[in-house]
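Residue numbers (this note's numbering): 88 to 559. Don't be surprised by glycine CBs; every beta carbon is placed ideally from N, CA and C. Fair warning: this is a prediction, and the values are worked out from it, not measured in the lab.
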């Protein structure tokens with residue numbers, strides 16, 4: 088049953104004539120309703136309002152009153168599909184969305200109070216007219232509350248004016264807060280929550296700055312390294328990004344935005360910031376500009392930038408567009424792009440991911456030991472450390488597979504390996520000299536009299552053939 092609304096005088100009228108004494112409907116109600124429909128079609132709703140009952144009822148008009156009621160307001164909004172999806176929007180027989188009664192809407196989006204409102208009224212009207220739902224899917228969200236879960240109220244002083252937030256922090260912060268919040272429940276907001284969002288935004292933006300800065304002299308058409316020729320850690324980075332992207336696309340398909348934001352944050356903070364980019368800095372900053380080692384790193388960063396800008400564009404639109412203009416250097420928008428397609432890795436991607444997952448665990452274990460020595464005051468940076476690692480056979484083989492590049496993964500000046508029953512990591516400060524360029528502590532610092540402050544590696548990278556890297 089429709090609820091009768093008496094809260095306004097305009098709307099969709101109930102074209103009824105009611106007996107003044109009994110309240111019964113006029114016996115020719117169906118005929119009169121058809122006539123009313125024709126009247127409204129020709130002259131609009133106002134034609135019904137102007138109608139004198141005697142024009143249609145004659146002498147009977149003295150016994151019947153014209154109804155002044157209107158249909159519930161939800162009937163108006165519930166009928167919108169019947170007009171919005173007609174005309175130029177109607178499907179064709181070749182179009183999958185085609186239906187004899189017109190195409191369906193992909194999605195209806197509103198607050199969860201609309202389950203008994205717009206969603207319900209649309210469903211009732213569509214089923215009555217067309218025998219089907221007007222939408223393929225529904226998406227509902229909660230309401231904005233303060234940090235303690237209380238309804239916004241000026242009397243409580245907890246009202247957050249979004250216009251003020253946008254002016255102070257920028258629209259991107261509001262967009263990121265909204266995307267990072269699980270909208271299936273109520274969305275909490277206050278100054279403390281916004282401060283955390285600002286920190287999250289800063290971490291993502293700083294990651295983008297690093298990527299853009301370190302690909303500024305990279306021309307993919309000229310400098311890109313083929314996937315099979317990338318260093319192993321670069322292959323891992325792209326395999327990891329492809330893995331993350333698969334998760335992100337799945338969440339986008341299901342309209343699950345807060346896991347996407349969380350995934351991007353973790354990727355920036357842990358996979359990149361705390362590991363990959365940290366390891367990469369030596370190669371980017373110390374090897375020859377056009378060396379295979381550096382171009383391999385830049386190739387990976389170029390792919391990562393393409394992927395990340397697409398991941399974040401829906402929830403950090405301004406930032407993604409700004410970064411895209413710098414990165415792509417073309418007039419087209421980031422929103423004209425599709426999600427990035429990573430090239431297939433030449434090897435066993437699963438084995439590669441598993442290998443580096445274990446290497447990261449071993450690296451974390453080494454970092455704990457390094458930090459303990461540093462806290463005791465015996466060590467400065469991790470580059471001053473020399474590691475002696477005893478590891479079981481499987482881990483020993485894993486570590487040994489990196490050869491001389493192992494020290495770059497651990498960001499130390501030297502690593503020696505031995506096989507044993509259990510993992511044991513020894514840390515000692517290097518007795519060698521520190522290279523003023525790469526900051527590694529090496530025994531060959533000053534070996535070239537012409538460059539007394541440089542190590543042999545840096546001398547070779549600057550003036551010779553340069554070093555060869557296999558893995559990191």
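Can you tell which of 427, 264, 224 and 509 has the C-alpha that lies nearest to the C-alpha of residue 329? Residue 329 sits at position 242 when you count from the first residue of the chain shown. Per the Cα distances, 427.
Burial state of residue 319, where buried means 16 or more other Cβ atoms lie within 10 Å: Against the chain shown, residue 319 aligns to sequence position 232. Answer is buried; the Cβ neighbour count reaches 16.
Express the C-alpha separation of residue 402 and residue 294 in angstroms, rounding to a whole number. Residue numbering aside, residue 294 sits at position 207 when the chain shown is read from its first letter. Residue numbering aside, residue 402 sits at position 315 when the chain shown is read from its first letter. If you take the alpha carbons of residue 294 and residue 402, they lie about 16 Å apart.
With a threshold of 16 other CB atoms inside 10 Å of the CB of residue 171, please say whether the residue is buried or exposed. In the chain shown, residue 171 corresponds to position 84, counting from 1. Looking at its Cβ environment, which holds fewer than 16 other Cβ atoms inside 10 Å, residue 171 is exposed.
Chain-order list of residues whose beta-carbon lies under 7 Å from that of residue 166 (same chain, five-residue window excluded): What you label residue 166 is simply residue 79 of the chain shown in a count that begins at 1. Correct list, in chain order: 212.
What are the complete beta strand (DSSP E) segments, minimum 3 residues, inside the segment 194-275? 195-198 and 225-228
Taking the alpha-carbon of residue 446 as reference, which of 135, 487 and 218 has the nearest alpha-carbon? The residue you call residue 446 lines up with position 359 of the chain shown. For residue 446, the nearest C-alpha among the options comes from 487.
Start and end residues, beta strand (DSSP E) containing residue 513: Position 426 of the chain shown holds residue 513. It spans 511-516 - the beta strand (DSSP E) in which residue 513 sits, taken as one unbroken run.
Any idea if residue 100 is buried or exposed, counting beta-carbon neighbours within 10 angstroms, 16 or more meaning buried? Taking the chain shown and counting its residues from 1, the one referred to as residue 100 is at position 13. Buried, since its Cβ has 16 or more Cβ neighbours within 10 Å.
Going along the chain, which residues of its own chain have a beta-carbon closer than 8 Å to the beta-carbon of residue 373, five neighbours each way excluded? If you number the chain shown from 1, residue 373 lands on position 286. Cβ within range, chain order: 524, 525, 544, 545 and 548.
Skipping 5 residues on each side, what residues in its chain have a beta carbon closer than 6 Å to that of residue 267? Taking the first residue of the chain shown as position 1, residue 267 is located at position 180. Once the five neighbours on either side are set aside, the close Cβ partners of residue 267 are 345 and 348.
For residue 176, collect the residues of the same chain with a Cβ closer than 6 Å to its Cβ; drop the 5 residues on either side in sequence, then sort them by chain order. Your numbering for residue 176 matches position 89 in the chain shown. Low confidence applies here, because residue 176 scores a pLDDT of 48, under 50, leaving its location unreliable; read the following figure in that light. Around residue 176: no qualifying Cβ.
Among the residues of its own chain, which have a CB less than 6 Å from the CB of residue 386, if the five just before and after it don't count? For the purposes of this step, residue 386 is identified with residue 299 of the chain shown, where counting begins at 1. Counting only Cβ-Cβ distances below 6 Å, and skipping sequence neighbours, we find 311 and 312.
Whole-angstrom distance between residue 272 and residue 186, CA atom to CA atom: Looking up residue 186 in the chain shown gives position 99. Looking up residue 272 in the chain shown gives position 185. Reliability fails at residue 186, whose pLDDT of 49 lies under 50, so the model's placement of it is uncertain and the value that follows must be treated cautiously. Going from the Cα of residue 186 to the Cα of residue 272 covers about 35 Å.
For residue 502, three-class secondary structure by DSSP: As a position in the chain shown, residue 502 is number 415, starting the count at 1. Residue state, collapsed to three classes: strand.
How close, in whole Å, do the beta carbons of residue 559 and residue 496 come, if the pair is a contact with beta carbons under 8 Å? Numbered from 1 along the chain shown, position 472 holds the residue referred to as residue 559. Numbered from 1 along the chain shown, position 409 holds the residue referred to as residue 496. The pair is a contact, with the Cβ atoms about 5 Å apart (cut-off 8 Å).
Where do the ends of the beta strand (DSSP E) carrying residue 478 lie? In the chain shown, the residue the question calls residue 478 occupies position 391. Residues 472-478.
Could you tell me which residues DSSP pairs with residue 455 in its beta bridges? Taking the first residue of the chain shown as 1, we reach residue 455 at position 368. Its beta-bridge partners do not exist; DSSP assigns none.
Leaving aside the five residues before and after residue 439 along the sequence, list all residues of the same chain whose C-beta is less than 7 Å from its C-beta, in chain order. Looking up residue 439 in the chain shown gives position 352. Here the set comprises 322, 323, 326 and 432.
Of the residues 307, 480 and 470, which one's Cα is nearest the Cα of residue 498? Sequence index remark: in the chain shown, residue 498 carries index 411 (1-based). Closest by alpha carbon: 470.
Beta-carbon proximity list for residue 363, same chain, < 6 Å, skipping 5 on both sides: Counted from its first residue, the chain shown places residue 363 at position 276. Excluding sequence neighbours, residue 363 sits near 324.
I'd like to check one pair, residue 154 with residue 148: are the Cβ atoms closer than 8 Å? In the chain shown, residue 148 corresponds to position 61, counting from 1. In the chain shown, residue 154 corresponds to position 67, counting from 1. No.
If distances are taken between C-alpha atoms only, which option among 274, 397 and 302 comes closest to residue 333? Reading the chain shown from its first residue, position 246 is the one you call residue 333. Residue 333 has its Cα closest to that of 397, out of 274, 397 and 302.
Given a cut-off of 8 Å on the beta-carbon distance, is the pair residue 237 and residue 243 in contact? For the purposes of this step, residue 237 is taken as the residue at position 150 of the chain shown. For the purposes of this step, residue 243 is taken as the residue at position 156 of the chain shown. Yes, the Cβ-Cβ distance between residue 237 and residue 243 is below 8 Å.
Let's see if you can read the secondary structure: which residues bound the alpha helix (DSSP H) around residue 388? As a first step, residue 388 is located in the chain shown; it is residue number 301 there, counting from the start. Per DSSP, residue 388 belongs to the alpha helix (DSSP H) from 379-399.
Helix or strand or just coil, what does DSSP make of residue 192? Residue mapping note: residue 192 aligns to position 105 of the chain shown, counting from 1. The answer is strand: DSSP assigns residue 192 an E or B state.
Count the other C-beta atoms from every protein chain shown that fall within 10 angstroms of the C-beta of residue 214, then say buried if there are 16 or more, exposed otherwise. Numbered from its first residue, the chain shown carries residue 214 at position 127. Classification of residue 214: exposed, given that the 10 Å Cβ count is below 16.
Could you check where the beta strand (DSSP E) with residue 105 kicks off and where it finishes? Working through the chain shown from its first residue, we reach residue 105 at position 18. Unbroken beta strand (DSSP E) run through residue 105: 104-106.
Starting from the C-beta of residue 358, find all residues in its chain whose C-beta is less than 7 Å away, skip the five residues before and the five after it, and write them out in chain order. Along the chain shown, one-based indexing puts residue 358 at 271. Once the five neighbours on either side are set aside, the close Cβ partners of residue 358 are 327.
When the Cα of residue 109 is compared with those of 150, 120 and 125, which residue comes out closest? Locating residue 109 in the chain shown gives position 22, where the first residue counts as 1. The shortest Cα separation from residue 109 among 150, 120 and 125 belongs to 150.
What did DSSP end up calling residue 528 once you bin it into helix, strand or coil? Residue numbering aside, residue 528 sits at position 441 when the chain shown is read from its first letter. Residue 528: strand per DSSP, three-state reduction.
Can you list, in chain order, the residues of its chain with a C-beta nearer than 7 Å to that of residue 174? Leave out the 5 residues immediately preceding and following it. To locate residue 174, count along the chain shown from 1; it is residue 87. The predicted position of residue 174 is uncertain, since its pLDDT is 47 and thus under 50; a value taken from the coordinates is nonetheless stated next. Cβ within range, chain order: n/a, list empty.
I need the straight-line Cα distance from residue 88 to residue 208, nearest angstrom please. In the chain shown, counting from the first residue as 1, residue 88 sits at position 1. In the chain shown, counting from the first residue as 1, residue 208 sits at position 121. Summary for residue 88: the model assigns pLDDT 49, below 50, so the residue's position carries little reliability, and this model does not support an answer.
Alpha-carbon to alpha-carbon, residue 522 and residue 531: Within the chain shown, residue 531 is the residue found at index 444, counting from 1. Within the chain shown, residue 522 is the residue found at index 435, counting from 1. Rounded to whole angstroms, residue 531 to residue 522 spans 9 Å at the Cα level.
DSSP state of residue 466, grouped into three classes? The residue labelled residue 466 in the question sits at position 379 within the chain shown. In the structure shown, residue 466 sits in coil (DSSP, three-state: anything other than H, G, I, E or B).
Just the C-alpha distance for residue 287 and residue 352, rounded to the nearest angstrom, thanks. One-based indexing of the chain shown puts residue 287 at position 200. One-based indexing of the chain shown puts residue 352 at position 265. Residue 287 and residue 352: Cα-Cα distance of roughly 7 Å.
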